[in-house]
Amino acid sequence: MIDQLRTMAIFQTVAEHGSFRQAAKQLHLSPSVISHHVSKLEETLGVPLLYRSTRRMSLTDAGAELLAASQRMTAAAIDGLSAVERRASQPTGTLTIAAPTPFAHSPYVEAFTRFSQAYPGVHLSVQLEDKPVQLEGSNIDVAIRGRTHDLDDSSYKARKLGNVQFCVFAAPSYVAGRSTPQSMEDLADWDWIQSLPISWTAYATLADGKVPERSPRIVVTCNNFSMARKFVDEGLGFMIETYPLVADDFRAGRLVQLAPRVKLRPIDAYAIYPANSPKNGLAHLFVDFMMDQSWTIEHGFGVR
Numbered sequence: 628m629i630d631q632l633r634t635m636a637i638f639q640t641v642a643e644h645g646s647f648r649q650a651a652k653q654l655h656l657s658p659s660v661i662s663h664h665v666s667k668l669e670e671t672l673g674v675p676l677l678y679r680s681t682r683r684m685s686l687t688d689a690g691a692e693l694l695a696a697s698q699r700m701t702a703a704a705i706d707g708l709s710a711v712e713r714r715a716s717q718p719t720g721t722l723t724i725a726a727p728t729p730f731a732h733s734p735y736v737e738a739f740t741r742f743s744q745a746y747p748g749v750h751l752s753v754q755l756e757d758k759p760v761q762l763e764g765s766n767i768d769v770a771i772r773g774r775t776h777d778l779d780d781s782s783y784k785a786r787k788l789g790n791v792q793f794c795v796f797a798a799p800s801y802v803a804g805r806s807t808p809q810s811m812e813d814l815a816d817w818d819w820i821q822s823l824p825i826s827w828t829a830y831a832t833l834a835d836g837k838v839p840e841r842s843p844r845i846v847v848t849c850n851n852f853s854m855a856r857k858f859v860d861e862g863l864g865f866m867i868e869t870y871p872l873v874a875d876d877f878r879a880g881r882l883v884q885l886a887p888r889v890k891l892r893p894i895d896a897y898a899i900y901p902a903n904s905p906k907n908g909l910a911h912l913f914v915d916f917m918m919d920q921s922w923t924i925e926h927g928f929g930v931r
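For the sequence shown, the tail end lands on 931 under our numbering, and the numbers increase by one without skipping.
What follows is the structure in structure tokens.
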């Protein structure tokens with residue numbers, strides 16, 4: 628297997644350079660050795676990988692498929708080696724992260740804490756803002772967002788961390804005397820505290836894609852989780868947010884979960900960072916760390 632991987636890497640170099648001679652120069656081998664490895668690979672696989680002529684060389688369909696697989700293999704190997712090198716080099720510096728205000732609460736703070744404990748030489752600067760910050764021209768190294776279609780331009784990359792599961796809740800004082808809602812449709816006659824200026828369908832769409840036909844009355848729109856939560860505590864209306872932020876309050880009886888059997892469509896969470904971030908830099912270090920966390924529904928993110 629090791630020999631085959633080496634041969635694949637040689638074939639990849641030939642395919643990417645379009646020449647045995649250029650590949651030989653890149654790999655510091657003779658063209659005859661390069662040609663031998665490619666021929667041996669074709670013999671092993673039983674299919675031609677390259678069309679050869681005196682003037683040009685091109686890939687067969689099988690060659691194009693193998694090249695794509697080899698490039699994925701090489702990228703994974705580079706990422707793995709970079710991750711190990713970063714862990715061994717004790718990184719230092721300031722890492723600036725932009726995240727929505729709910730990240731001021733557990734378990735998100737716990738994840739940031741584990742990162743700081745793992746890399747004590749890194750100064751973590753967290754900026755909380757519910758309105759997506761303008762990344763272009765800012766000092767933000769990584770932004771955590773629930774969507775990617777509004778990226779400034781293609782100079783930024785996005786990696787999916789997982790998905791955020793929402794639930795509906797209200798204070799016992801607000802629920803008292805009301806019929807227990809069994810569906811999102813039942814909430815149309817209730818008062819909604821809108822924690823972000825996002826449409827009802829963005830929150831209330833069910834896991835199966837069904838959209839409620841009726842929307843509740845918006846009593847307050849507030850772009851800050853903590854303030855919106857205080858309106859809930861005062862009994863002004865119900866709210867929709869991620870389950871981990873209110874799970875302890877459910878258990879303590881300070882909040883009531885409405886329509887607990889209703890499964891809402893989760894929202895994907897992404898880490899956004901500049902495409903030219905160094906492979907061994909702090910942005911990649913942080914994103915790799917977050918990807919390694921064992922996120923579950925109970926901890927705010929669904930299985931990736």
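Beta carbons are placed, not taken as given, at the ideal position from N, Cα and C, and that holds for glycine.
The residue among Glu812, Thr869, Phe858 with its C-alpha nearest the C-alpha of arginine 841 is Glu812. In this structure, Pro871 is the residue among Gln809, Ile899, Pro871 with its C-alpha nearest to the C-alpha of valine 736. The alpha-carbon separation between threonine 634 and asparagine 851 amounts to approximately 56 Å. Here the alpha carbon of glutamine 884 sits roughly 40 Å from the alpha carbon of glutamate 763. Tyrosine 746 has no beta-bridge partner at all, per DSSP.
Rounded to the nearest angstrom, the gap between the Cα atoms of serine 822 and tyrosine 830 is 11 Å.
For leucine 755, the beta-bridge partners assigned by DSSP are Ala726. In the displayed model, leucine 762 falls within coil according to three-state DSSP, outside both helix and strand. Across the structure, glycine 880 and glutamine 754 are spaced so that their CA atoms are roughly 32 Å apart. By the C-beta criterion, the region 892 to 910 is judged to be in contact with the region 783 to 798, since at least 3 inter-stretch pairs fall below 8 Å. Counting only runs of at least 3 residues, the region 654 to 708 fully encloses the following beta strand (DSSP E) elements, listed from N- to C-terminal order: 677 to 679, 684 to 686. Under the three-pair Cβ rule at 8 Å, the region 855 to 870 does not count as touching the region 745 to 752. It is roughly 30 Å from the alpha-carbon of alanine 855 to the alpha-carbon of methionine 918.
A buried status is given to histidine 664, since no fewer than 16 other beta-carbon atoms sit within 10 Å of its beta-carbon. Note that the C-beta distance between serine 782 and alanine 910 is not below 8 Å. Taking the Cα positions, valine 674 is about 10 Å away from serine 666. Exclusion of the five residues before and after lysine 837 leaves no residue of its chain whose Cβ lies closer than 7 Å to its Cβ.
Annotation: the continuous alpha helix (DSSP H) that includes phenylalanine 852 extends over 852 to 860. Between serine 697 and phenylalanine 638, the gap from beta carbon to beta carbon is short of 8 Å.
Isoleucine 825 sits in coil when the DSSP states are folded into three classes, being neither helix nor strand. With contacts defined as CB atoms closer than 8 Å, glutamate 868 and proline 734 fail to qualify as a contacting pair.
Proximity to aspartate 875 across Val760, Ala704, His732 peaks at His732, based on C-alpha coordinates. For alanine 874, the enclosing alpha helix (DSSP H) starts and ends at 874 to 879. Residue range 909 to 919 is occupied by the alpha helix (DSSP H) that includes methionine 917. Ranking Cys849, Asp835, Ala636, Leu863 by CA distance to the CA of methionine 700 puts Ala636 first. Secondary structure note for valine 802: its alpha helix (DSSP H) is the uninterrupted segment 799 to 802. Taking 8 Å as the cut-off, the Cβ atoms of asparagine 907 and serine 752 do not count as close. Per the coordinates, the alpha-carbon of alanine 738 lies some 12 Å from the alpha-carbon of aspartate 915. Taking 8 Å as the cut-off, the Cβ atoms of valine 769 and isoleucine 724 count as close.
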